[in-house]
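Novice: Chains A and B are the protein sequences, given in the same order. The first sequence: position 44 = 44 (this note's numbering), numbered continuously. Positions in the second sequence are counted from 1; adding 1000 to them yields this note's numbering. Note that CB positions come from ideal geometry on N, CA and C, so glycine has one too. Structure incoming, see below.
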Amino acid sequence: DAMVIQNPRYQVTQFGKPVTLSCSQTLNHNVMYWYQQKSSQAPKLLFHYYDKDFNNEADTPDNFQSRRPNTSFCFLDIRSPGLGDAAMYLCATSKLAGEDTQYFGPGTRLTVL
Amino acid sequence: DQQVKQNSPSLSVQEGRISILNCDYTNSMFDYFLWYKKYPAEGPTFLISISSIKDKNEDGRFTVFLNKSAKHLSLHIVPSQPGDSAVYFCAARRSLAGSYQLTFGKGTKLSVIP
């Protein structure tokens, strides 16, 4: 089945130790998104790629970076995780830019010790 | 500043009854609204949507109503089933060139009691 896959599902890192979260999709969608969701909060968009074009949200901290080496994969790099970065990180895709239906992966829950 | 608000963190409904989930928004530039459903350990899945040019959209047991003047939308589930127990997120899109952002509410946890 076509889907959005996130690995790992659970990630533990230490304060200040770089960590990379992975997302892959078999939907062949043009757009890939990364959201951060803290407990009992709304998912918050960090950035998205339309093909290779990177679009950063204005309030996304510099600590967060992303790479999209090809259509199928997108990575979220947190350069120096702080305790406040502990959250669920959701990857989503959509076929076209502006298309409203986004398809989400199951998320990666990040714990920062 | 929350532009999309779901003021009820949780809702319990008896099986077979109607579930009504509410959502309010503040940004009059939003032109498209969506509901997502999320089970534990899964990502949100798209449920139903409505354009701002409509006031109602129906899909099986799910109906979304939009009241633009009140900046309010609601999701009705009739009849409610235990499998509907999940967290429901309201999301809104603003129509602006190059803007693909969905703004989400915090979610409402629906529990359907058998």
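1) Spatial neighbours of B:Lys1068 within its chain, please: CB distance less than 7 Å, with the 5 preceding and 5 following residues excluded, ordered by chain position.
2) In chain order, what residues of the same chain lie with their CB nearer than 8 Å to the CB of B:Ala1018, ignoring the 5 residues before and after it?
3) Is A:Asn7 closer than 8 Å to A:Thr71 when the C-beta atoms are compared?
4) Count the other CB atoms within 10 Å of the CB of B:Met1029; is the residue buried (16 or more) or exposed (fewer)?
5) Strictly by DSSP, which residues pair up with A:Ser24?
6) Would you list the residues sitting across from A:Ser94 in a DSSP beta bridge?
7) Does the distance from the C-beta atom of B:Gly1105 to that of B:Gln1006 stay below 8 Å?
8) With DSSP as the reference, identify every bridge partner of B:Phe1065, one or two as the case may be.
9) So A:Phe75 and A:Leu21 are supposed to be a Cβ contact under 8 Å. How far apart are they, rounded?
Specialist: Here's the rundown:
1) For the purposes of this step, residue 1068 of chain B is taken as residue 68 along the second sequence, with counting starting at 1. Answer for B:Lys1068: Ser1052, listed in chain order.
2) Taking the first residue of the second sequence as 1, we reach residue 1018 of chain B at position 18. A quick correction: the sequence has Ile, not Ala, at residue 1018 of chain B. For B:Ile1018, where only same-chain residues beyond five positions count, the Cβ hits under 8 Å are His1076, Ile1077, Val1078, Pro1079 and Ser1080.
3) As a position in the first sequence, residue 71 of chain A is number 71, starting the count at 1. As a position in the first sequence, residue 7 of chain A is number 7, starting the count at 1. It is not a contact, given that the beta carbons lie outside the stated cut-off.
4) Here residue 1029 of chain B corresponds to residue number 29 of the second sequence, with the count starting at 1. Its Cβ having fewer than 16 others within 10 Å, B:Met1029 is exposed.
5) Working through the first sequence from its first residue, we reach residue 24 of chain A at position 24. Its beta-bridge partners are A:Ile5 and A:Phe73.
6) Taking the first sequence and counting its residues from 1, one reaches residue 94 of chain A at position 94. According to DSSP, residue pairing for A:Ser94 in a beta bridge involves A:Val31.
7) The residue you call residue 1105 of chain B lines up with position 105 of the second sequence. The residue you call residue 1006 of chain B lines up with position 6 of the second sequence. Against a cut-off of 8 Å, the Cβ pair of B:Gln1006 and B:Gly1105 comes out as a contact.
8) Position 65 of the second sequence, counted from the first residue, corresponds to residue 1065 of chain B. In the DSSP secondary-structure assignment, B:Phe1065 is bridged to B:Lys1056 and B:Ser1074.
9) If you number the first sequence from 1, residue 75 of chain A lands on position 75. If you number the first sequence from 1, residue 21 of chain A lands on position 21. Yes, A:Phe75 and A:Leu21 are in contact; Cβ-Cβ is about 7 Å, under 8 Å.
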